[in-house]
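One line per chain: the protein sequences are Z and C, in this order. Here UniProt numbering is used: position 345 in the first sequence is 345, and no number is missing along the way. Here UniProt numbering is used: position 377 in the second sequence is 377, and no number is missing along the way.
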Amino acid sequence: MAFPEPKPRGAELPRKLLKTLDCGQGAVRAVRFNVDGNYCLTCGSDKTLKLWNPLRGTLLRTYSGHGYEVLDAAGSFDNSNLCSGGGDKAVVLWDVASGLVVRKFRGHAGKVNTVQFNEEATLILSGSIDSSIRCWDCRSRRPEPVQTLDEARDGISSVKVSDHEVLAGSVDGRVRRYDLRKGQLFSDYVGSPITCTCFSRDGQCTLVSSLDSTLRLLDKDTGELLGEYSGHQNKQYKLDCCLSERDTHVVSCSEDGKVFFWDLVEPLPCLRRVTLGLDLGARRRARMRQEGIADKGAARSGSGRQALERRQQNPVRRGERQAGLLAWPWARGASSSVRPERNEFRSPELPPAVVPTPGLSWMCPSLREAQGSLALALPVGAGVVQSLAFHPSEPCLLTATGGRIQCWREEAYEAGGGAG
Amino acid sequence: WTPSTFISSRQNRADKSVLGPEDFMDEEDLSEFGIAPKAIVTTDDFASKTKDRIREKARQLAAATAPIPGATLLDDLITPAKLSVGFELLRKMGWKEGQGVGPRVKRRPRRQKPDPGVKIYGCALPPGSSEGSEEEDDDYLPDNVTFAPKDVTPVDFTPKDNVHGLAYKGLDPHQALFGTSGEHLNLFSGGSEGTSNLLGDIGLNKGRKLGISGQAFGVGALEEEDDDIYATETLSKYDTVLKDEEPGDGLYGWTAPKQYKSQKESEKDLRYIGKILDGFSLASKSLSSKKIYPPPELPKDYRPVHYFRPVVTAASENSHLLQVLSESSGKATQDPGTHSRHQLNACKRAELLGETPVQGSATSVLEFLSQKDRERIKELKQATDLKAAQLKARSLAQNASSSRLQPSSPDLGHCSWRMALGAGTATTGASNFKPFAKDPEKQKRYEEFLVHVKKGQKDALERCLDPSMTEWERGREREEFARAAQLYVSSHSTLSSRFTHAKEEDDSDQVEVPRDQENDVNDKQSAVKMKMFGKLTRDTFEWHPDKLLCKRFNVPDPYPDSTLVGLPRVKRDKYSVFNFLTLPETSSSPTTQASSDKVPQHCGPDKSRKPSRWDTSKQEKKEDSISEFLSLTRSKVGPPKQESSPIVNKEEEHVPEPLSNKMVNKDVDSPTEGEGSRPSMDLFKAIFASSSDEKSSSSEDEQGDSEDDQEGTEEATFRSSQETDLGETSSLAHGTSISQTWESKGENSGIWSIL
């Protein structure tokens, strides 16, 4: 059946509580979506990792094998593996279907705060309280890490990985970005201990949250401040932050039991057109195209790169395929709910030459030092909202408070609409 | 027996969903008598309500023995109204109480006759048991009548509840008295006898049979047993003579070897009087008696409180005392009796015992000193050496261009080391201990010196020392040699056998430090406050990803020719604070050089790719002028590291040298000596070698980068060193404060996980 062409519309915020899941694994340390957003992982303080279907509220599998509480987890791009790190200083690679431990990487001297797969799930990058990031090889049987990035002077609180970068936030108040292509390390000083960092979805900016109850949007290339967001409370805990599915909002946990949403850019009338015309996603796509060409010129594993690109362009279909591959019985209904295209107002006619290099700051001079306006403070629960995860393609939010996780959708969302 | 193999449950871990309490129980917990029995057991509701005969009888007995006889009547009255299911089922199938279970039999197998051993006379027995009564009225049997099988009475197992031995039976009074007062006595007797009594008359009969019976007593009216009625009692069965034992040896003509018999007999008597338990036999050998040693007799003047000898403290005013002490201990060889044994050492004891002295150990006064005394003397000597060094340093500072010869103070040192060496040097000829192995020239000089000393030449030191060296260096080396000789000679023979030379050179003086450091945070903090993010807050470093990392990321290696991983690193002196103590004279020596080893090893021949900033040092090496080279390397490496390298030697050839040509090679080594003679680096290491070293050296690193323009004159370097020294301490302090904040932040991050 043919869908009508989706109209560009204002971003919707997930404000409707769809589901509350009592995870039954002690305090939930972290909640994470899988790659396509159909499933989620909860890291419990009772040493278990659980895989859920958050929309249905069904528990799919429990992964036990950690020796201490699980602090972070991530899923691989093909949904076949999981990785997790915890207080037992070990990084564990799991097999999703069988629920068995594939490998355990030991080497960290302290508990592992954060883990990430690289894009092809050949490496696991783990950041630990021992102030090192270790890159573990999933392919070989080597027990040592491929490389240890120990430039940080204090514990690593957050690690994010893009196709050629590693972004790490450390308690020493610096955000370090290791650029593998350039062979350079960029260290941005923020001052306050950093709790969470992430790339914007267009890959041009980094969002940094720190213990001075402030989130900062930094330009990736220059390190300039593009926006500052405050109003929430984050003075003690390692809380998550992220950007919404279309880079329209900045989302952060808070210690007062709320989730805060800020407009990424102040919605000025003059700016709105600019943002609409130059959507971040489009720019990213254009850049991707550029890089793809460059890579082909370098004659490097063309097919792999193409596959990679395809994957990035259509994460949903990939998720379907992989789910079918694994033959999960629960995969059918859930994937059909996902919308067919990720970016509605993509502008493919945009020539690559127009793509600005310095990031968002060029758009409007007034954007510099922009104070993001608070869009929504969503009351979630009584306690601290420890962790959140934003759906990669839909306005769907998962929050973790205490031992429960909650799933939030936009107002217009109807539970019966194919979610199953 | 094979040990049970361990079976890992790791693979099944994912399958197990929920664990119940049973998963944590032991096997015996689940067995019949555990806390959670698994086996099916009939509960009381389903238990049979047929009268258990044994229990019945026990109850009867209990009733009989109870203070209130017939108390069981009450129990009988209060029988449960409800019958068990099994009971009812059996009843419906036609079973009646008292019958056995099974197919009906055609005919009673055979009528049971009374025990043939029991003869019944007169009237019949009273109907005691049901069996008997059943059998009584079994007169005629029609053919078509079947009977239920007989109920089987289980064997009566009575528990043993007394402390008698097994199968012990006390004298049954009612047996003895022919049951006349049996009923009465029975009330007080044990349960087992009671039950047997109640079991029936047969048991009673058997008991009577064992009773005392005889002609003399006759046959009573109730006595059925009269089979011995015609037996004659002969008096020969009785002893007629009163005597204590058998006469003689008790052999009664038995011709066994006499001593064997008697011995055995006597032993038996000796050892054990009494019954030997079944299954045991007497030991053939007697236990050897324990020897008891009396406690030692205390001497008359013994005092139970220990008296400590006063310790002579090692102070300078005590040297007289020490002298006296050593003399007296030296004398002790002549009359050992005057000294207590605590003052003897191994040598002396050996001598006293008349052993041949160990080859090689020379006789010296020092040899006979106790270890403590020797150490004390050593301490004294070192103190004087230090004093001499200080004096020298002062004099040197006063007149840098001093042409004066050595001050008089080293002579003291001379005496001391000569004294110390007097004993040891005899054996040092074959010594393979090389205290200056790092520096072959110096080692050679040292060996030469030892040879001279062995020959007894007084000016040994002056001869072997390098004349081209400055006075200060010579003084140092002299001291050093003296100390080395004294230290290593005494211990080498025992120690050398236990140690081998290290395979790799211990380069602990150097530490690897990232070349580029993140700048000071102060200006950054102010930048953050002003929200001037960007250039002010950003540091960019060259960073080398691992090759495999690039491969896994599908990214071309940015530095394909580099073997480096991570941030570029440089080697720095670890104990950089103390380098400044010797810095003036090392820089004054004309050929200070930096080693070419420190420049990175990854400079590949091909530089077609992006040349790393780090690779430039190769071009620098090609430069002719040594001064430029020096300045460059110094600016790169900070405090210059002293090391002899072939490149420098080569370059020296075409650089005009003020010194004599033949001593060039030795001259190169001179700075190393200066470094080596630094007073006992181990001491510094022990005190200062902590984790803060890296930090301090790294912060010093920043200083080093900033002082590029400072080079050349000794004065300038000296000043700069002082400056860096100051900066060092401040940055050190800063470092500690930072680390403290880190720690607090670490706690923060610890808190993070606590919800």
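Even for Gly, the Cβ is constructed at its ideal location relative to N, Cα and C.
**Study point:** Contacts of C/V565 in chain Z (Cβ-Cβ under 7 Å)
**Key:** One-based indexing of the second sequence puts residue 565 of chain C at position 565. In chain order: Q147.
Review point. At a cut-off of 7 Å, is C/L61 close to the ligand PLP when judged by its beta-carbon and the heavy atoms of the ligand?
Key: Judged by which ligands are present, the structure shown has none, so any question about the ligand PLP falls away.
Exercise for review: Count the other CB atoms, across all protein chains shown, that sit within 10 Å of the CB of Z/D240; report buried if there are 16 or more and exposed otherwise.
Suggested key: Residue numbering aside, residue 240 of chain Z sits at position 240 when the first sequence is read from its first letter. Per the 10 Å Cβ criterion, buried.
Point to revise | Status (buried if at least 16 other CB within 10 Å, exposed otherwise) for C/K291 | key: To locate residue 291 of chain C, count along the second sequence from 1; it is residue 291. By the neighbour-count rule (16 or more Cβ atoms within 10 Å), C/K291 is not buried but exposed.
Exercise for review: Within the same chain, show all residues whose beta-carbon is closer than 6 Å to that of Z/G155, passing over the 5 residues directly before and after it, in chain order.
Suggested key: Position 155 of the first sequence, counted from the start, is the residue given in the question as residue 155 of chain Z. Result list for Z/G155: I129, S131 and V171, in chain order.
**Study point:** Proximal residues to Z/H126 (C-beta, below 6 Å), its chain only, five neighbours per side dropped
**Key:** As a first step, residue 126 of chain Z must be located in the first sequence, where it is residue number 126. Note that residue 126 of chain Z is Ser in the sequence shown here, rather than His. Once the five neighbours on either side are set aside, the close Cβ partners of Z/S126 are G85, V91, V112, V115 and R134.
Exercise for review: Assign C/C550 to one of three DSSP states: helix, strand, or coil.
Suggested key: Looking up residue 550 of chain C in the second sequence gives position 550. Correct three-state label for C/C550: helix.
**Study point:** Spatially closest choice to Z/L167 from Z/V28, Z/S187, Z/R216 and Z/T148, by CA coordinates
**Key:** By 1-based counting over the first sequence, the position of residue 167 of chain Z is 167. Closest option to Z/L167, Cα to Cα, is Z/S187.
Practice item. Scan the stretch 183–202 of chain Z for residues whose Cβ lies nearer than 9 Å to a Cβ of chain C and list them as they occur along the chain. Key: G183, Q184, L185, F186, S187, D188, Y189, V190, G191, S192, P193 and T195
Practice item. For the alpha helix (DSSP H) containing Z/Q25, list its first residue and its last residue. Key: Stepping through the first sequence from its first residue, residue 25 of chain Z is reached at position 25. Z/Q25 -> no alpha helix (DSSP H), and no H or E assigned at all.
Practice item. Could you have a look at C/W472 and say whether DSSP puts it in helix, strand or coil? Key: For the purposes of this step, residue 472 of chain C is taken as the residue at position 472 of the second sequence. Three-state result, C/W472: helix.
Exercise for review: Tell me Z/N118's beta-bridge partners as DSSP assigns them.
Suggested key: Here residue 118 of chain Z refers to the residue found at position 118 when the first sequence is read from its first residue. Looking at the DSSP assignment, Z/N118 forms no beta bridge with any residue, so it has no partner.
Check your understanding: Is Z/L398 close to chain C, meaning its C-beta is less than 8 Å from at least one C-beta of that chain?
Key -> Residue mapping note: residue 398 of chain Z aligns to position 398 of the first sequence, counting from 1. No - not a single Cβ of chain C is within 8 Å of the one on Z/L398.
Check your understanding: Using a C-beta to C-beta distance shorter than 7 Å, which residues of chain Z count as neighbours of C/Q525?
Key -> As a working mapping, residue 525 of chain C is identified with position 525 in the second sequence. In chain order: G191.
Check your understanding: Are the C-beta atoms of C/L380 and some chain Z residue less than 8 Å apart?
Key -> For the purposes of this step, residue 380 of chain C is taken as the residue at position 380 of the second sequence. It does not: the Cβ of C/L380 has no partner Cβ on chain Z nearer than 8 Å.
Review point. Is Z/E245 near Z/S140, with beta carbons less than 8 Å apart?
Key: For this step, residue 245 of chain Z is matched to residue 245 along the first sequence. For this step, residue 140 of chain Z is matched to residue 140 along the first sequence. Contact: no.
Check your understanding: If you drop the 5 nearest sequence neighbours on each side, which residues of the same chain put their C-beta closer than 6 Å to that of Z/R181?
Key -> In the first sequence, residue 181 of chain Z corresponds to position 181, counting from 1. Excluding sequence neighbours, Z/R181 sits near H164.
Point to revise | beta strand (DSSP E) segment containing Z/F77, residue limits | key: Residue numbering aside, residue 77 of chain Z sits at position 77 when the first sequence is read from its first letter. First-last for Z/F77: undefined, no H or E at that position.
Practice item. Locate the beta strand (DSSP E) running through Z/E245, then write down its first and last residues. Key: Along the first sequence, read from residue 1 onward, the residue named residue 245 of chain Z stands at position 245. Looking at the DSSP string, Z/E245 is not in any beta strand (DSSP E), and its letter there is neither H nor E.
Review point. So with Cβ pairs under 8 Å, would you call Z/S366 a contact of chain C?
Key: Taking the first sequence and counting its residues from 1, one reaches residue 366 of chain Z at position 366. Its pLDDT being 41, under 50, Z/S366 is placed unreliably by the model, and the measurement read from it follows with that caveat. Not closer than 8 Å to any Cβ of chain C, the Cβ of Z/S366 fails to qualify, so no.
Check your understanding: Helix or strand or just coil, what does DSSP make of Z/A377?
Key -> Here residue 377 of chain Z is taken as the residue at index 377 of the first sequence, counted from 1. Here Z/A377 sits in strand by DSSP.
Review point. DSSP three-state call for Z/V251: helix, strand or coil?
Key: Within the first sequence, numbered from 1, the residue matching residue 251 of chain Z stands at position 251. Correct three-state label for Z/V251: strand.
Check your understanding: Expressed to the nearest angstrom, what Euclidean distance is found between the alpha-carbon atoms of C/G354 and C/Q343?
Key -> Position 354 of the second sequence, counting from 1, holds the residue named residue 354 of chain C. Position 343 of the second sequence, counting from 1, holds the residue named residue 343 of chain C. If I take the Cα positions, the gap works out to 18 Å.
Review point. Do we get a CB-CB distance below 8 Å when we pair C/L353 with the residues of chain Z?
Key: Translated into positions along the second sequence, residue 353 of chain C becomes position 353. So, not an interface residue.
Practice item. Return yes when the Cβ of C/R13 is within less than 8 Å of the Cβ of Z/G26, no when it is not. Key: In the first sequence, residue 26 of chain Z corresponds to position 26, counting from 1. In the second sequence, residue 13 of chain C corresponds to position 13, counting from 1. No; because the gap between Cβ atoms is not below 8 Å, this pair is not in contact.
Check your understanding: DSSP three-state call for C/T582: helix, strand or coil?
Key -> Position 582 of the second sequence holds residue 582 of chain C. Any reading at C/T582 must be qualified, since the residue scores a pLDDT of 45, below 50, and its modelled position is unreliable; no value is offered.
Check your understanding: Comparing the C-beta of Z/Y178 with each C-beta of chain C, is any distance below 8 Å?
Key -> To locate residue 178 of chain Z, count along the first sequence from 1; it is residue 178. For Z/Y178, the answer is yes, since a Cβ of chain C falls inside 8 Å of its Cβ.
Check your understanding: C/T384 by DSSP, collapsed to three states: which one?
Key -> Here residue 384 of chain C corresponds to residue number 384 of the second sequence, with the count starting at 1. Correct three-state label for C/T384: helix.
Review point. Hey, does C/L548 have any beta-carbon neighbour from chain Z nearer than 8 Å?
Key: Here residue 548 of chain C refers to the residue found at position 548 of the second sequence. Yes, contact with chain Z.
Review point. At a CB-CB cut-off below 8 Å, which residues of chain Z make contact with C/D561?
Key: Taking the first residue of the second sequence as 1, we reach residue 561 of chain C at position 561. Ordered by position in chain Z, no residue passes the 8 Å Cβ test against C/D561, which lies about 12 Å from the chain.
Point to revise | Three-way DSSP call (helix, strand, coil) for Z/C407 in this model | key: Residue mapping note: residue 407 of chain Z aligns to position 407 of the first sequence, counting from 1. Of the three classes helix, strand and coil, the one that applies to Z/C407 here is strand, per DSSP.
Review point. C/W95: which of C/P149, C/L61 and C/E56 sits nearest, CA to CA?
Key: For the purposes of this step, residue 95 of chain C is taken as residue 95 along the second sequence, with counting starting at 1. For the residues C/P149, C/L61 and C/E56, the minimum Cα distance to C/W95 belongs to C/P149.
**Study point:** chain C contact residues for Z/T122, given Cβ-Cβ distances below 7 Å
**Key:** The count along the first sequence starts at 1 and reaches residue 122 of chain Z at position 122. Within chain C, the residues near Z/T122 are R552.
Point to revise | Distance, Z/S76 Cα to Z/R176 Cα | key: Translated into positions along the first sequence, residue 176 of chain Z becomes position 176. Translated into positions along the first sequence, residue 76 of chain Z becomes position 76. Rounded to whole angstroms, Z/R176 to Z/S76 spans 23 Å at the Cα level.
Practice item. Under 8 Å by Cβ, that's how I've got Z/D247 and Z/L226 pegged, so tell me the actual separation to the nearest angstrom. Key: Counting from one through the first sequence, the residue named residue 247 of chain Z turns up at place 247. Counting from one through the first sequence, the residue named residue 226 of chain Z turns up at place 226. That pair is no contact at about 12 Å.
Exercise for review: Kindly say whether C/P568, judged by its beta-carbon, lies nearer than 8 Å to any beta-carbon of chain Z.
Suggested key: Looking up residue 568 of chain C in the second sequence gives position 568. It does not: the Cβ of C/P568 has no partner Cβ on chain Z nearer than 8 Å.
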